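Structure first, then comments.
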Amino acid sequence: MLCSALSDFSHQLKSLAGPELTLVAIDLPGYGLSRPPPRRFGPDFYTDDARVAGDLMETLGYDRYHVLGWSDGGNSAVILAALRPQSVTKLVIWGANAYYTDKLGNVVKAMRNIDDWSEADRAPMLELYGEEYFRSMWTEWVDVTLAFKDVSNGTCMRETREVQCPTLVVHGAKDEYFEMEDPEYFVKNIPNAKMHVFPEAKHNLHIECADEFNAVVAEFLAGR
1 MLCSALSDFS
11 HQLKSLAGPE
21 LTLVAIDLPG
31 YGLSRPPPRR
41 FGPDFYTDDA
51 RVAGDLMETL
61 GYDRYHVLGW
71 SDGGNSAVIL
81 AALRPQSVTK
91 LVIWGANAYY
101 TDKLGNVVKA
111 MRNIDDWSEA
121 DRAPMLELYG
131 EEYFRSMWTE
141 WVDVTLAFKD
151 VSNGTCMRET
161 REVQCPTLVV
171 HGAKDEYFEM
181 EDPEYFVKNI
191 PNAKMHVFPE
201 AKHNLHIECA
211 DEFNAVVAEF
221 LAGR
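Set out below in structure tokens:
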């Protein structure tokens, strides 16, 4: 949700990567350091992002790889795994949603006006993007994502059922946006999926519980 690789995954870039694991962190077009072009949110932006990520990995010479995705990135990660089953060997998602619940819709509506945000939440975005660009991008994101509530496929319901690779669904029990039904949907509909719950964590659990999160993910990717 408008974040960048360096601002939101620094704990993984510093500690999860190692001799047996190379990390490729992506700023999708219009995000972070991938500007220009300006960010655009069409009705298929999750799929568009998945295709960009897959094309980038192909360009970099990776034909088989694991995929990790958080929040919006988790939705696109599911779609990428469905689109490229021959390439995606394992999938890790957290804070993702296959469809829009009433709770999520209400939370997003309440967040529309960034002047109502806390300074701690607003300041990093304004520093990264500048106020004019961020306000415009945020408003467009809110309008487009709320429309997913009325789409029969939600954000990635069909693609969830098409995922073939082993999948780890991580969830923070105190997530501000998602109830347990959201990760449970992925576990129930991906044939080879399991869940790991952080009882005290919120939506950004990979930042709050970085060491434990990295250990859980590393163990899963190593096949232990």
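The opening residue of the sequence shown carries number 1 in the UniProt record's numbering; numbering runs sequentially from there.
Glycine residues also receive a C-beta, built at the ideal position from the N, C-alpha and C atoms.
Bear in mind that the values here come from a model prediction, so they are computed numbers and not experimental data.
When the beta-carbon positions are compared, ILE79 and GLU176 stay at least 8 Å from each other. Contact fails between the segment 150–167 and the segment 16–29, because fewer than three Cβ pairs, one in each stretch, are under 8 Å apart. About 6 Å separates the Cβ atoms of TYR100 and GLY154, confirming a contact at the 8 Å cut-off. Taking a contact to require three or more Cβ pairs closer than 8 Å, the segment 132–142 and the segment 106–123 qualify as touching. Listed as beta-bridge partners of MET1 by DSSP are no residues whatsoever.
Spatial neighbours of LEU146 in its own chain (CB-CB distance under 8 Å, excluding positions within 5 residues in sequence) are listed in chain order as TYR100, GLY105, VAL108 and LYS109. DSSP places GLY74 in the uninterrupted alpha helix (DSSP H) bounded by 72–83. A residue is called buried when at least 16 other Cβ atoms come within 10 angstroms of its Cβ; SER4 meets this threshold and is buried. By alpha-carbon distance to ALA193, the top candidate from ASP48, ALA81 and ALA17 is ALA81. Annotated three-state conformation of TRP117 is coil, per DSSP. The DSSP-derived three-state label of THR22 is coil. A residue is called buried when at least 16 other Cβ atoms come within 10 angstroms of its Cβ; LYS90 meets this threshold and is buried. Residue environment: ASP211 is assigned as exposed (fewer than 16 neighbouring CB atoms within 10 Å of its CB, all protein chains considered).
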